[in-house]
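First to last, the protein sequences are chains A and B. Quick note on numbering: the numbering used here labels position 82 of the first sequence as 664, and the sequence is numbered without any gaps. Quick note on numbering: the numbering used here labels position 338 of the second sequence as 1189, and the sequence is numbered without any gaps. Even for Gly, the Cβ is constructed at its ideal location relative to N, Cα and C.
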Amino acid sequence: MSAEEAIDEVQLPARTAIGISFGNSYSSIAYTSDGKAEVIANEEGDRQIPSILSYVSGEEFQGTQAKTQIIRNPRNTIAYFRDLLGKGFKDIDPTPCHASAHPVEHDGGKTVAFVVQEKAAEEESEKEAEKSTLSVSEVTTRHIRRLRQSASDYLGKDVTAAVVTIPSDYNDVNKAALTEAASNAGIEILQFIPEPVSALLGYDAKQSLTETSSSPSDKVVLVADLGGTRSDVAVVASRGGIYTTLATAHDYELGGSSLDKVLIEYAAKEFMKKNKKASDPRENERSLAKLTLEAEAVKKALSLGGSASFSIESLADGHDFSLSVNRTRFELLANKVLMSFTRLIEAAVQKADLDILDIDEVLLSGGTSHTPKIASNLQSHFPESTVVIAPSTSSTAINPSELTVRGAAIQASLINGFEVPEIRSSTEAVVTVTPHLHHAIGLVTGEGSNGFAVLVNAETPVPVRRTAQISVKAGGDVILRLAEGVRDIKVSKEEKPATNGNKHDDEDDEDDSDDEPEEVREKVWKAGKILAEAGLRGVKKGGKVEVQVNVAQDLGVTIVCREVGGKGGVRGVLDAGRAEANGSA
Amino acid sequence: MAITAKMAPIQIKASLPSLPPDWSADKDFKAISSLSQPTNRSLEPVGPHFLAHARRKRHHRTFSEDERLEALRSTKKTEDEDAGEISEAEDPMLLQREAKDWKTQDHYAVLGLSKYRYKATEEQIKRAHRKKVLRHHPDKKAASGKDEGDQFFKCIQRATDILQDPVKRRQFDSVDEGAEKEPPNKKDVQKKPGNFYKLWAPVFEAEGRFSRSQPVPQLGNDKSTKQEVEEFYNFWYNFDSWRSFEYLDEEVPDDNENRDQKRHQERKNNNARKKRKVEDSQRLRVLVDDVMGQDERIKRFRHESSKQKNAKKVEREAAENRAKEEAAAKKAEAEKAAKDKEVAEKASREEGKKAKEAAKNAAKKNKRVVRGAVKDGNYFVGGEAGPKEIDTALNDADALILKWDNEELAVVTSRLNGKSDKGEIKAIFVEEVKKLVEAGKVKEGDMKSLAA
Ligand SMILES: Nc1ncnc2c1ncn2[C@@H]1O[C@H](COP(=O)(O)OP(=O)(O)O)[C@@H](O)[C@H]1O
Chain A
583 MSAEEAIDEV QLPARTAIGI SFGNSYSSIA YTSDGKAEVI ANEEGDRQIP SILSYVSGEE
643 FQGTQAKTQI IRNPRNTIAY FRDLLGKGFK DIDPTPCHAS AHPVEHDGGK TVAFVVQEKA
703 AEEESEKEAE KSTLSVSEVT TRHIRRLRQS ASDYLGKDVT AAVVTIPSDY NDVNKAALTE
763 AASNAGIEIL QFIPEPVSAL LGYDAKQSLT ETSSSPSDKV VLVADLGGTR SDVAVVASRG
823 GIYTTLATAH DYELGGSSLD KVLIEYAAKE FMKKNKKASD PRENERSLAK LTLEAEAVKK
883 ALSLGGSASF SIESLADGHD FSLSVNRTRF ELLANKVLMS FTRLIEAAVQ KADLDILDID
943 EVLLSGGTSH TPKIASNLQS HFPESTVVIA PSTSSTAINP SELTVRGAAI QASLINGFEV
1003 PEIRSSTEAV VTVTPHLHHA IGLVTGEGSN GFAVLVNAET PVPVRRTAQI SVKAGGDVIL
1063 RLAEGVRDIK VSKEEKPATN GNKHDDEDDE DDSDDEPEEV REKVWKAGKI LAEAGLRGVK
1123 KGGKVEVQVN VAQDLGVTIV CREVGGKGGV RGVLDAGRAE ANGSA
Chain B
852 MAITAKMAPI QIKASLPSLP PDWSADKDFK AISSLSQPTN RSLEPVGPHF LAHARRKRHH
912 RTFSEDERLE ALRSTKKTED EDAGEISEAE DPMLLQREAK DWKTQDHYAV LGLSKYRYKA
972 TEEQIKRAHR KKVLRHHPDK KAASGKDEGD QFFKCIQRAT DILQDPVKRR QFDSVDEGAE
1032 KEPPNKKDVQ KKPGNFYKLW APVFEAEGRF SRSQPVPQLG NDKSTKQEVE EFYNFWYNFD
1092 SWRSFEYLDE EVPDDNENRD QKRHQERKNN NARKKRKVED SQRLRVLVDD VMGQDERIKR
1152 FRHESSKQKN AKKVEREAAE NRAKEEAAAK KAEAEKAAKD KEVAEKASRE EGKKAKEAAK
1212 NAAKKNKRVV RGAVKDGNYF VGGEAGPKEI DTALNDADAL ILKWDNEELA VVTSRLNGKS
1272 DKGEIKAIFV EEVKKLVEAG KVKEGDMKSL AA
């Protein structure tokens, strides 16, 4: 930002803006100071605050305290309501709410509500106090109000604005509903950002603090946001630090609770084996609630340690239950679910018309991304060149539960200096919709059409300018052929190097036995359509040539080639031609 | 911090080709073609780099309503719209189903995917399931007061459970009657020429779902080549099927009490699976036999190939005859040549004999002349020749005769002919000896009587 704008910022009425990640299972809040995002803990010390409200004897509980009420007071505890907001009754999936308050039709089916015993029963009168019908919007308002309060308490300033993360498939109706609910809680939503994009921003912002180079390198990142009840995947191209989502994939039934279920099934069976007379704890609501809560805790513990234990007092029919589970057993039991994550992610790669070799990074976000086996499955599914960013596979990983909220906090600090209408107009299609290069642009190196060096990647938004240098050892006259590049996947069979005799020390060298030739896939570039040729004469021995490619908004290209440190050079222009953007597909 | 901000130059490791000598262009630059059509996509309006972009784009300008609409219209979508592809009407009979009868349930129909069946993608199944959940979740029904029980919901869950598990799905697909295509009857096939292809192709397309190797060759049409048709039948006669029949297993008692019974049932199931598998391969074989029997192309190819064979035979015989004739002619010619040669050789042999005889006679005569000349030359001595001198001279003359070949002998003879002067004769002899000495045939001084 320029100095001028910095002054504007100071002159704006003081506004404290935070980032909010409003999840279906958990919510979190974060604030940015000095370019560093910090996740705020609420008064209970939680950074992952369960998105749950519970009404007990006229008192409202939120977060972890409310979550424990699912056991004792399920019908007055409201959970998993985020995905119900801005939807009609016939469009909601009530499955996740089964163990807590059930959603009911409201406002003639246009919205959804919960009926709970909000007020305490009158001491004198015998009859119960009347139940209240709380619309999802009202519930959301109350939840956000609590979040706002926690942030304000922590910062010592009244928080009035926020950047809020949303699923990438949120539509305008969903957004309007959330805007209204937040506004009722005293929060002005400055901007919505899709969860996967927010996670990437959160990660990149942290990386850029430690990196020396000022310009981010181009990459294609697959962001997998694996939450409690659903999983969302986005394939994002990052070009010069600007993000473009190429494809998304969703699974509304796959998430952390699918893993919890595996443990619940296992524990229930073990319980019944141990207590032959006891009833099935899955058949009794209270027992199931206890089991569910404990299963989640065991699952989380197994992300860190090699084993963890269930320990439940009076699980069913007065029987206590304890059971130790090790990670290997868990991974075996959950294998099918764990593979589903890989399949969903693979589907997203295909939807983006890409190959796994095109994916530079896999960024794992969301609580379920703590699960080590998910990361290691991905590491073996993707080629070695792909970096899987998760706590168990990468030292640069950030707590995946915090990624999205960090991104939101970063964005909040970036736009806090602007008036809301200004922010709105910057996020409109007319500003965001931009032509993206269909093919990479690069130089043909070597003779013929073999050898191609990329200058500008495919899916780079225009306008764009890139400069490249190439040394000319022999000197003399050279030709610079600018062309569009075609990415090819070369598949070849490679005999496995014989390992007999000098065995590796590695323990994981067990697949020696299958001596099938291994298929080696690699990404190769070929020159496609030639765009232009430039001749550069009399280059000094050991000299260096510099090429600058400048693609304008209208797809016109200006090319400048010169010898580094030399005089003159060649400059040429390619007309935009009839290159018309091909959008809506 | 703009897109066009200075990024560090990319360092390219490869080398540049050198300028071809005949390359030339105005100002050393040749524009060849424009960039390919770009794709309009929406940037994510987040992060510092986007802010710079937005500032540039909005700088000092406002957008018209048209531009706004155009921008929206032209964007490539990343979220898929919920295309109402799974909108099959629900059969009331289906809704009455009991969850416990799941074995006989048509899982595709339950999810509204009966049009797709084994072709349904994982994503379609997921979406279909979601649609059904939204509609039939028991909590929703209970909440709205029309409690219809959760039986159908359980059917939905079971169907999804099976169809989302690749192994279970294959087991069900193996016995999914809804995906079966009855083979057409022969009468219908024969009704119209094109019917064979029209009626049989779907049958094989359906059968092809069981093939381990994909894609499966198509039945084709009457323009298919012989090779294509052969490939088709080869494929189907060597069909490698994944079809299996465990889905039809009878339930195995799941308690430890009845172990024997359990084992017994398992064995029975195993045998049943095997039997069904064998029957299935037989069924397929009969099916392929039937098609092949009705396939006009096979008859045509057979006909063509026998015609071809006949033509070949005629040609081969003609060729054989031609070869025979040629061989005979060659033989006759060779015989004639041999005979001619013999005759000629005989003639020349006789002539040679005569010539040799003549030469012999001539040589005899010539030798006599030479010897006579020695006598006429007084044995090469001045005075009266003693017996010793005569002997030496005649010996020398004989030695000389041996040295000369017939021709030289003739020359010497012709020189000596008519000569009577003894000096002259001696001179001739001396001269001839000298020649022989020069030719290295006689050593100097060997001819004592003639030593000069
Ligand atoms: N350490 C952990 N290991 C495994 N799972 C975890 C861990 N921490 C949180 N989770 C799971 O992550 C899910 C919540 O993820 P989150 O991204 O917060 O969800 P949502 O987006 O649904 O609000 C829950 O299922 C929770 O059990």
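Asked                                                                                                                            : Found
Residue-chain proximity (residue 1139/A, chain B), Cβ-Cβ < 8 Å                                                                   : yes
Simplified DSSP assignment, three categories, for residue 658/A                                                                  : helix
Status (buried if at least 16 other CB within 10 Å, exposed otherwise) for residue 1291/B                                        : exposed
Within chain A, the residues that residue 985/B reaches when beta carbons sit closer than 8 Å                                    : 672, 673, 674, 675
Members of the stretch 640 to 667 of chain A that neighbour chain B once the beta carbon cut-off is set at 7 Å                   : none
Inter-stretch contact at 8 Å, needing at least 3 Cβ pairs: the stretch 935 to 946 of chain A / the stretch 903 to 911 of chain A : no
Alpha-carbon spacing of residue 839/A relative to residue 875/A, whole angstroms                                                 : 10 Å
For residue 967/B: DSSP bridge partner residues                                                                                  : BP columns for residue 967/B are empty, so no partner.
For residue 1084/B and residue 1041/B, the rounded distance between their alpha carbons                                          : 20 Å
Cutoff 8 Å; reference residue 867/A; Cβ partners in own chain excluding five residues on either side                             : 656, 681
Residue-level contact to chain A via CB, residue 898/B, 8 Å cutoff                                                               : yes
Simplified DSSP assignment, three categories, for residue 848/A                                                                  : helix
CA nearest to the CA of residue 1206/B, picked from 1240/B, 1167/B, 1179/B, 1257/B                                               : 1257/B
CB contact flag (residue 1217/B, residue 1179/B, <8 Å)                                                                           : no
Chain-ordered chain A contacts of residue 958/B [CB-CB under 8 Å]                                                                : Simply none; closest approach about 17 Å.
6 Å CB neighbourhood of residue 1283/B in its chain, flanking five on each side removed                                          : 1263
Residues that residue 832/A bridges to, as DSSP identifies them                                                                  : 814/A
Between the CA atoms of residue 1012/B and residue 846/A - distance to the nearest angstrom                                      : 17 Å
CB contact below 8 Å: residue 1008/A versus chain B                                                                              : yes
Members of the stretch 965 to 981 of chain B that neighbour chain A once the beta carbon cut-off is set at 8 Å                   : 973, 974, 977, 980, 981
Close Cβ partners of residue 784/A (< 6 Å) along its chain, the five nearest in sequence each way excluded                       : 985, 988, 989
The stretch 1007 to 1026 of chain A / the stretch 915 to 930 of chain B touching (three or more Cβ pairs under 8 Å)              : yes
Pairwise C-alpha distance: residue 1100/A and residue 896/A                                                                      : 54 Å
Pairwise C-alpha distance: residue 1036/B and residue 1046/B                                                                     : 11 Å
Length of the line joining the Cα atoms of residue 1071/B and residue 922/A                                                      : 39 Å
Any non-hydrogen atom of ligand 1 within 7 Å of residue 1124/A CB                                                                : no
Where residue 885/B falls: helix, strand or coil (DSSP)                                                                          : coil
Candidates 949/A, 749/A, 774/A, 1044/A: closest to residue 830/A by CA position                                                  : 749/A
Positions along the stretch 802 to 827 of chain A whose CB lies within less than 7 Å of some CB in chain B                       : 822, 823, 824, 825, 826, 827
Interface partners of residue 843/A on chain B, CB under 8 Å                                                                     : Under the 8 Å cutoff, chain B gives no residues; its nearest Cβ is about 12 Å from residue 843/A.
Test: residue 1083/B CB closer than 8 Å to a CB of chain A                                                                       : no
Opposing strand residues paired with residue 545/A [DSSP bridges]                                                                : There is no way to answer for residue 545/A, as the model of chain A reaches only from 583 to 1167.
Contacts of residue 1037/A in chain B (Cβ-Cβ under 8 Å)                                                                          : 861
Reduced DSSP secondary structure (H/G/I, E/B, other) of residue 952/B                                                            : helix
Helix, strand or coil at residue 643/A according to DSSP, with G and I counted as helix                                          : strand
Local Cβ density within 10 Å of residue 791/A, reported as buried at 16 or more and exposed below that                           : exposed
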